[in-house]
Amino acid sequence: MKTVAEVLKAKDLKNQEVHTIEWDHTVFEALVVMSSKNVGALPVVKHGEVVGIISERDYARKLILKGLSSVTTKVHEVMSAPVITVNAHKTIEECMNIMTDSHLRHLPVVEHGKLRGLLSIGDLVKEAIAEQADLIKQLEQYIRGE
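For what it's worth, the working numbering labels the leading residue of the sequence shown as 8, then goes sequentially.
Here is the structure:
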């Protein structure tokens, strides 16, 4: 099974860039970034270190349902923290298990304290399907004696 590093490297260039938001910005600012970049979550950083993650789900559940304002509420007030991260040496299977067990849709990749990428559940499912398709192809070739 591929590693996180291999999956990040295989992403197209526009999807390799990780968009973040500073911990003291407003939720409204985070929503603007998410909308403009067409992403569902942003790692939250403080002094260059990942301290949380804010998602559309956080916005809906922790702001809208509680009657708070996105214009005045700070990201750190509603972000999911502490954030679960992985390093680039983890396998896709390990990441899928982490995401399933923790009910996560996004998983920041951190190496030596630096944010290196962001994996979505879609990235991992896409990779798992590709690996299974390749295995099926190999087995079919084996059965045919190729």
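Quick reminder that beta carbons are idealized off the backbone N, C-alpha and C, glycines included.
Item to check | residue 14, enclosing alpha helix (DSSP H) - first and last residue | outcome: Note, residue 14: alpha helix (DSSP H), 11-17.
Next on the checklist: Quick test of your reading: residue 78 and residue 15, contact by CB under 8 Å. State the CB separation rounded to the nearest angstrom.
Outcome noted: With a Cβ gap of about 34 Å, residue 78 and residue 15 do not count as contacting.
Checklist entry - Nearest to residue 3 by CA position, among 47, 119, 8, 35, is which residue? => result An answer regarding residue 3 cannot be provided, because it is not within the stretch 8 to 153 covered by the chain.
Item to check | Secondary structure, beta strand (DSSP E): runs of 3+ residues fully inside the stretch 44-81 | outcome: Those beta strand (DSSP E) runs which fall completely within the stretch 44-81 and span 3+ residues are 48-53, 56-62.
Checklist entry - If we ignore side chains and look at the alpha-carbon of each, how far apart do residue 39 and residue 123 end up? => result 22 Å
Item to check | residue 46 to residue 54 span [Cα, whole Å] | outcome: Between residue 46 and residue 54, the alpha-carbon positions lie close to 23 Å from each other.
Item to check | CA nearest to the CA of residue 17, picked from 126, 49, 139 | outcome: 126
Item to check | Exposed unless 16 or more other CB atoms sit within 10 angstroms - verdict on residue 37 | outcome: buried
Checklist entry - Under 8 Å between the Cβ atoms of residue 86 and residue 52? => result no
Next on the checklist: With distance defined between alpha-carbon atoms, name the residue in 75, 99, 70 nearest to residue 13.
Outcome noted: Comparing alpha-carbon positions, the option among 75, 99, 70 lying closest to residue 13 turns out to be 99.
Item to check | Assigned secondary structure, residue 113 (DSSP; H/G/I helix, E/B strand, else coil) | outcome: strand
Item to check | Exposed unless 16 or more other CB atoms sit within 10 angstroms - verdict on residue 130 | outcome: Buried: at least 16 other Cβ atoms inside 10 Å.
Checklist entry - What does a CB cutoff of less than 8 Å around residue 11 pick up in its chain, not counting 5 residues either side in sequence? => result 93, 94, 95, 96, 97, 98, 99, 102, 116, 124, 126
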